[in-house]
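Colleague:
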Amino acid sequence: MKASRLASAILASALGLGSFAALADVAAPQDVPFNGTLKINVDATDIAHRAFRVHETVPAQPGPLTLLYPQWLPGNHSPTGPIDKLAGLVVTANGKTLPWKRDPLNVYAFHVDVPEGASSVDVEFQFLSPQDTRQGRVVMTPEMLNLQWNAVSLYPAGYYANRIKAETSVKFPAGWQYGSALELASRDGDTVHFKPIDYANLVDSPIYAGKYFKRVDLDPGAKTPVFLNIVADDAKFLEIKPEQLKVHQNLVQQMYKLYGAHHYDHYDFLFSLSDKMSGNGLEHHRSSENGVGTGYFTEWDKSAVMRDLLSHEFNHSWDGKYRRGADLATPSFNVPMQDSLLWVYEGQTQFWGYVMAARSGLWKEDEARDMLALVAATYDKGRPGLQQWRTIQDTTNDPIIAMRRPLPYRNYQMSEDYYSGGQMIWLDVDGKLRDLTGDKRSIDDFAKAFFGMDNGSWTVNTYTFEDVVKTLNDIAPYDWTSYLRERLDGHGPLIGGFEANGWKLVYNDKPSASAKAVEARVGGANLTYSLGVSFGKGGDTLDVLWDGPAFKAGLSPGMKVIAVNGKEFSNDAIKDAVDASAKDKSQPVELLVKNFDEYKTLRIDYHDGLKYPHLERIAGKPDRLSELLKAR
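Below you can see the structure in the form of structure tokens.
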């Protein structure tokens, strides 16, 4: 019996589980160099079938070999490697097909015996990318593609990912151009060969390619270049006005002023403007994947709600990729991650994503305040789950629990609230730092101290909760451990940062421009803070506030509202009905709803009118929020 299997049997016996507890037979990664170089060649020309065809050569010695398909994906923080899309796996050596066996307790692992006389194995398979969004992100269309190396490669078990070298090539559809952090070695027609790189950084270096492509320099003349690589559904969507280019260039400079250092030798934004390929926002050390609709530039006045995407993902080069929670920094893509510090990784990045959108001019200051008001309302009245049973800290488990699947009652169940809840905590921290130091220090000082070292280095630099506390104490001595734990583990609203910065959250019956834009984006009406419900197009009920007025009347997500007060449903009709119920306290809001094949009438006893969140200045207090949002 092999040692690993013997250990499994002993453990099973000790646990009283008998033979049913056999453990997956996969070698743990070791910090030793892999002998040889993976050669990965991808044919990405089959856009009709949306199939990536992979040929890979893996150096190997005679005997057992385990090949792994990446499972735990950085940026996803979860075991979501798309193994279900892998098909047609064939392994050969010296021209002969080798039988392989998938590990029954680790379906991402494939075992094969390498015959005597062989020094490598050849692996062929296809990555069959989604045909529509019901199957996952659409990553290939007639005009563009998004190639992620974790989806189109296998790697040998037993090694740290950064100790395995890889050489890669991609054949693109004729005439297509591409953007990537990978560096060009040579080009043979439509086949591009990239310089060797370690496997960890290969997976961290995806590609966007397309028929309609533009590359824009965001830091002209810099020794460390930053480019915006854009692919679009049509050439007309690539047009950028000078003032639009300027605010994107400002973003780079504002980040440099904040941190005082960067952690890449060059940086490439990969940006898709498409109504066909799925949107995206995924961070990498020297690049980021960003996807929005076609009108980002050409309908600039309507795109404000999307304009913190680039600032968010760019910030991750510092926060998340360079500085990374110690329990999240794993040696390979098949070692489980722990997400306990995502309130820093994602929460502070969400904070800086908003702030940098304002400092760069991607948002005007009033747009930034309006967007912050929407977040504040969520953690004031829009998360009954936070008030009643969950904590921000517990939501750091959500990438593993829910994996971003739709939820019946998100406001009550909560989902990844370490993003925006974490954002509110860091706004609170900023106010506290200013209070403690008489406005001499702020969260900018934390950012530079925690992320702004080792200019140019892009080797992962890990941290713990205690490291966060120490840096805060170095700036302003205080009981930061209790301060943070009260907010991470508590159940109260998370809006104290606004009062500390001279503003307060109020509600009135007039939606802000940002609130209108959010409604327009989903095509519905957001009445969360009045009726306690948000609608999509045509009366579809998206979310119902737990124990809110609509919930108590019997409305639930998935129901469709057919009529309001006897009239056909529309966004205006439901808002008019809320206005009418406020003027006549005896008149409920009456809904005719369809639930499966049943129709019924619900009466919502609500009379306080429409309510939308806004930020309002507190007289006599310094306006620290405007100072925070001001360009440096």
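Take the sequence shown: its letters are residues -24 to -1, 1 to 608, numbered as in mature numbering (1 follows the signal peptide of the UniProt record, and there is no 0). Heads up, the beta-carbon is just placed ideally off N, CA and C, and yes, glycines get one too.
Hey, Tyr330 and Ser488 are a contact pair by Cβ (cut 8 Å); roughly how many whole angstroms apart?
Modeller: In fact, because the Cβ distance is near 15 Å, the residues do not count as touching under 8 Å.
Colleague: Would Ser293 be called buried (16 or more neighbouring beta carbons within 10 Å of its own) or exposed?
Modeller: buried
Colleague: Lys606: which of Asp210, Asn11, Lys340 sits nearest, CA to CA?
Modeller: Lys340
Colleague: In whole angstroms, what separates the C-alpha of Glu392 from that of Leu65?
Modeller: Take the alpha-carbon of Glu392 and the one of Leu65: they are about 35 Å apart.
Colleague: Which stretch, first to last residue, makes up the beta strand (DSSP E) that contains Ile550?
Modeller: Taken as a continuous stretch (DSSP letters only), Ile550 belongs to no beta strand (DSSP E), being part of the alpha helix (DSSP H) at 547 to 559.
Colleague: Determine whether the beta carbon atoms of Ser490 and Glu343 lie at a separation below 8 Å.
Modeller: yes
Colleague: Which same chain residues end up closer than 6 Å to Leu304 when comparing Cβ atoms and leaving out the 5 residues on each side of it in sequence?
Modeller: Met313
Colleague: Looking at the strands, I want to know which residues DSSP matches up with Thr413.
Modeller: Bridge partners of Thr413: none, in fact.
Colleague: Taking the alpha carbon of Asn70 as the point to measure from, which residue in Asp164, Ser96, Pro50, Arg579 has its own alpha carbon closest?
Modeller: Measuring from the Cα of Asn70, the nearest candidate turns out to be Ser96.
Colleague: So, for Glu32: in the same chain, excluding its five sequence neighbours on each side, which residues have a beta-carbon less than 6 Å away from its beta-carbon?
Modeller: Ile16, Val99
Colleague: Among Leu403, Phe426, Asp584, Val436, which one has its Cα closest to the Cα of Leu460?
Modeller: Leu403
Colleague: How long is the line joining the alpha carbons of Asp79 and Leu43, rounded to whole angstroms?
Modeller: 10 Å
Colleague: DSSP three-state call for Ala185: helix, strand or coil?
Modeller: strand
Colleague: With a cut-off of 8 Å, do at least 3 Cβ pairs link the stretch 320 to 327 to the stretch 373 to 389?
Modeller: no
Colleague: May I ask you to list the residues that DSSP assigns as paired with Gly155?
Modeller: Tyr184
Colleague: What residues in its chain sit with their C-beta under 7 Å from that of Ile419, if we drop five residues either side in the sequence?
Modeller: Trp402, Val405, Asp406, Leu409
Colleague: Going by alpha carbons, who is nearest to Glu119 out of Asp164, Tyr84, Gly186?
Modeller: Gly186
Colleague: Nearest to Pro172 by CA position, among Ile216, Leu234, Gly12, is which residue?
Modeller: Gly12
Colleague: Helix, strand or coil for residue 613 per DSSP?
Modeller: Outside the displayed span of the chain (-24 to 608) sits residue 613, for which this structure offers no information.
Colleague: Can the beta-carbon of His224 be found less than 8 Å from the beta-carbon of Leu194?
Modeller: Yes.
Colleague: What is the DSSP secondary structure of Asp516, reduced to helix, strand or coil?
Modeller: In the structure shown, Asp516 sits in a strand (DSSP, three-state: E or B).
Colleague: Specify the secondary structure class of Ala(-3) as computed by DSSP and reduced to three states.
Modeller: At Ala(-3) the pLDDT is 43, less than 50, meaning the model places this residue with poor confidence; the figure from the coordinates comes in the next sentence. Coil.
Colleague: Return the chain-ordered list of same chain residues with a C-beta closer than 7 Å to the C-beta of Asp516, the five sequence neighbours on each side being excluded.
Modeller: Lys536
Colleague: Anyone know if the C-beta pair for Ala137 and Ala176 falls short of 8 Å?
Modeller: Between Ala137 and Ala176, the C-beta spacing is below 8 Å.
Colleague: Using the Cα positions of Asn205 and Val192, report the straight-line distance between them to the nearest angstrom.
Modeller: 6 Å
Colleague: What are the boundary residues of the beta strand (DSSP E) that Thr438 is part of?
Modeller: 437 to 439
Colleague: Less than 7 Å between C-beta atoms, sequence neighbours within five positions excluded: which residues of the same chain meet that for Ala452?
Modeller: Leu409, Leu412, Thr413, Arg417
Colleague: In the DSSP output, what is Leu503 paired with across the bridge?
Modeller: Val509
Colleague: Comparing C-alpha positions only, which one of Gly398, Thr438, Pro384 sits nearest to Tyr355?
Modeller: Gly398
Colleague: Kindly indicate which residue of Leu604, His87, Lys212, Arg139 has the alpha-carbon position closest to the one of Asp7.
Modeller: Arg139
Colleague: In or out: Gly358 buried (at least 16 other Cβ within 10 Å) or exposed?
Modeller: buried
Colleague: Below 8 Å on the Cβ atoms is my guess for Phe309 versus Leu49; work out the distance and round it to an integer in Å.
Modeller: Correct: roughly 7 Å between the Cβ atoms.
Colleague: Would you report the Cα separation of Val268 and Val281, rounded to the nearest angstrom?
Modeller: Taking the CA atoms as reference points, Val268 sits about 11 Å from Val281.
Colleague: When the Cα atoms are used, what is the spatial distance from Gly39 to Arg29?
Modeller: 27 Å
Colleague: Between the Cα of Lys570 and the Cα atoms of Glu544, Leu604, His260, which residue gives the shortest distance?
Modeller: Looking at the Cα atoms, Glu544 is the closest of the given residues.
Colleague: Within its chain, find whatever has a CB closer than 7 Å to the CB of Asp450; leave out the 5 residues flanking it on each side and keep chain order.
Modeller: Ala425
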